[in-house]
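Residue numbers (my numbering), protein chains in the order written: chain A, 1 to 141; chain B, 1 to 362.
Backbone N, C-alpha and C fix where the C-beta goes; we use that ideal spot for every residue, glycine too.
Please read all numbers here as calculations on a predicted model, not as lab measurements.
Below is one structure, written out as structure tokens, with a few remarks after it.
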């Protein structure tokens, strides 16, 4: 599966990570084109259901990214997001899903370089895991 | 406050006498407990002392998780009078969870809860065989063993000794023991019939029951093999699901007025149907059956008390509650959290510690 290119859904918080991605763009930093970005008001907005839905619909990995601890625009959204994420990760493990397919990371508005590194790392990890089949819906199966 | 009250008579007789006394002396204004309505057993709220005779408060059966009902009674504020509530330990834990989630009020309620040998399953109820099963059940309970015909999750339940109850009851054939855990309990039992003495609940006496419960839990998890599910296992198990959402409506923790899975958000619009069909060539209608169950696990697994209502109401016998017990167990361990243990402790997902869980970050 050397030519496998994973599809990765990325939820970026409006205040830090989305701006970080923007900075990576205007700074012309290169990173893998495997991600699809959804901008959310805060990483705390990401319901575990969003992630499940992505995995069911055929995405190979999901990345949630928000402000660094203490920097949340809404004071504590990212802390709550981290707890929700920990729960989902545990539940996924018990549903026979590789926990590494979902990743959580802090990227601030000034970290264009880090954003590209995170994307490269997630893409590498998911690529190594191969296509997600465990949760993908297929009829008659 | 600690103390022990011994009242003669079979479990239901002795507790009826106790409740009647409380009503007569005006120490409480009402009783919320299981009672007979025709052939059925349901929860009743009784204020007339004559009606206490219709109650079967310690009957080993759960027609609905009482936490749900108490939440309906106390959602908009505490009840005006003092109510004695006789419910099972898991119902009490679920109620505490609901209080934490601001769906109920604990004020004015006195909780009386038995050391629970489990509840008889709905199969017995449907066949009118509850009464017949009780003697055998009591015999097993007296030997501190798991009875027959109880719910699978009851067999695997380690929290049969009530947490947070004002009064703990040990049901027995001849005489029941009432342990008074709080000052509130001490106050209302003053002058009650029976022998009052000092004494505390001896938890070590229930070691044999705890041993078999632990073994059953291990066996249940072993047989379930949830870790190996993947979509194949999920389709296998939930393929039978009719989508009645019965498990959701009986669940004490599922309290949302409008569930995401019953809202328009969950409906496929024509373009979504089209894109799904282009991708897969076929769909189960209505879609999202497995998504619904996975969603419920992530939404309320953290507070699941393992009462077993969901499995019992399932018309197609999907072991919903066993699956929840397993995944809930895993999720609760992350935060070292036992649902319903401490009314002051916030639900993990509503709070946070700044420096924690660094292992989930990259």
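Burial state of residue i (16 or more Cβ within 10 Å)
i	result
residue 190 of chain B	exposed
residue 129 of chain B	exposed
residue 28 of chain B	buried
residue 124 of chain B	buried
residue 39 of chain B	exposed
residue 109 of chain B	buried
residue 156 of chain B	buried
residue 275 of chain B	exposed
residue 76 of chain B	exposed
residue 215 of chain B	exposed
residue 126 of chain B	exposed
residue 60 of chain A	buried
residue 315 of chain B	exposed
residue 130 of chain A	exposed
residue 320 of chain B	buried
residue 132 of chain A	buried
residue 197 of chain B	exposed
residue 42 of chain B	exposed
residue 242 of chain B	exposed
Coil, strand or helix - residue i by DSSP
i	result
residue 137 of chain B	helix
residue 310 of chain B	helix
residue 148 of chain B	coil
residue 36 of chain B	strand
residue 16 of chain A	coil
residue 11 of chain A	strand
residue 209 of chain B	helix
residue 46 of chain B	strand
residue 5 of chain A	coil
residue 73 of chain B	helix
residue 41 of chain B	strand
residue 272 of chain B	helix
residue 127 of chain B	coil
residue 182 of chain B	coil
residue 288 of chain B	coil
residue 165 of chain B	coil
residue 21 of chain B	helix
residue 97 of chain A	coil
residue 97 of chain B	helix
residue 202 of chain B	coil
residue 125 of chain A	helix
residue 11 of chain B	helix
residue 79 of chain A	helix
residue 28 of chain A	coil
residue 227 of chain B	helix
residue 23 of chain A	helix
Min CB distance residue i to chain E below 7 Å
i	result
residue 330 of chain B	Of the protein chains in this structure, namely A and B, none is chain E.
Cross-strand partners of residue i (DSSP beta bridge)
i	result
residue 84 of chain B	B/31 and B/110
residue 6 of chain B	B/177 and B/195
residue 66 of chain A	A/106
residue 170 of chain B	B/177
residue 38 of chain A	A/11
residue 61 of chain A	A/8
residue 344 of chain B	BP columns for residue 344 of chain B are empty, so no partner.
residue 55 of chain B	B/35
residue 120 of chain B	B/150
residue 361 of chain B	A/104
Nearest-angstrom Cβ-Cβ length linking residue i and residue j, presumed shorter than 8 Å
i	j	result
residue 40 of chain A	residue 14 of chain A	7 Å
residue 6 of chain A	residue 126 of chain A	4 Å
residue 65 of chain A	residue 26 of chain A	18 Å between Cβ atoms; not a contact.
residue 119 of chain B	residue 62 of chain B	5 Å
residue 11 of chain B	residue 33 of chain B	Rounded, the Cβ-Cβ distance is 12 Å, inconsistent with contact.
residue 194 of chain B	residue 7 of chain B	4 Å
residue 81 of chain B	residue 30 of chain B	6 Å
residue 343 of chain B	residue 176 of chain B	Actually they are not in contact, since the Cβ atoms of residue 343 of chain B and residue 176 of chain B sit about 26 Å apart, beyond 8 Å.
residue 158 of chain B	residue 213 of chain B	5 Å
residue 120 of chain A	residue 31 of chain A	6 Å
residue 112 of chain B	residue 134 of chain B	Not quite, the Cβ-Cβ distance comes to about 19 Å (not below 8 Å), so this is no contact.
residue 311 of chain B	residue 60 of chain B	Not confirmed; about 17 Å, so no contact.
residue 54 of chain A	residue 62 of chain A	5 Å
residue 91 of chain B	residue 307 of chain B	7 Å
Handout entry: Validate contact between the region 282-296 of chain B and the region 253-265 of chain B using beta carbons, cut 8 Å, 3 pairs
Key = The region 282-296 of chain B is in contact with the region 253-265 of chain B.
Problem - At least 3 beta-carbon pairs within less than 8 Å: the region 198-218 of chain B vs the region 44-55 of chain B - result: They do not touch, by the three-pair rule.
Practice task
Would you be able to state if there are at least three C-beta pairs under 8 Å between the region 164-179 of chain B and the region 107-125 of chain A?
Solution key: Touching, no.
Handout entry: Contact between the region 62-77 of chain B and the region 250-257 of chain B (3+ Cβ pairs under 8 Å)
Key = Taking a cut-off of 8 Å on C-beta distances, the region 62-77 of chain B touches the region 250-257 of chain B, as three or more cross pairs fall below it.
Exercise for the section: May I ask you to verify whether the region 17-31 of chain A touches the region 70-90 of chain A, counting CB pairs closer than 8 Å and requiring at least 3? Expected result: Flag = no, the region 17-31 of chain A and the region 70-90 of chain A do not touch.
Handout entry: Cβ contact (3+ pairs, closer than 8 Å) linking the region 296-316 of chain B and the region 333-341 of chain B
Key = Enough Cβ pairs lie closer than 8 Å, so yes.
Exercise for the section: Mind the definition here: the region 220-230 of chain B touches the region 325-332 of chain B only if three or more C-beta pairs lie below 8 Å; say whether that holds. Expected result: Yes, the region 220-230 of chain B is in contact with the region 325-332 of chain B.
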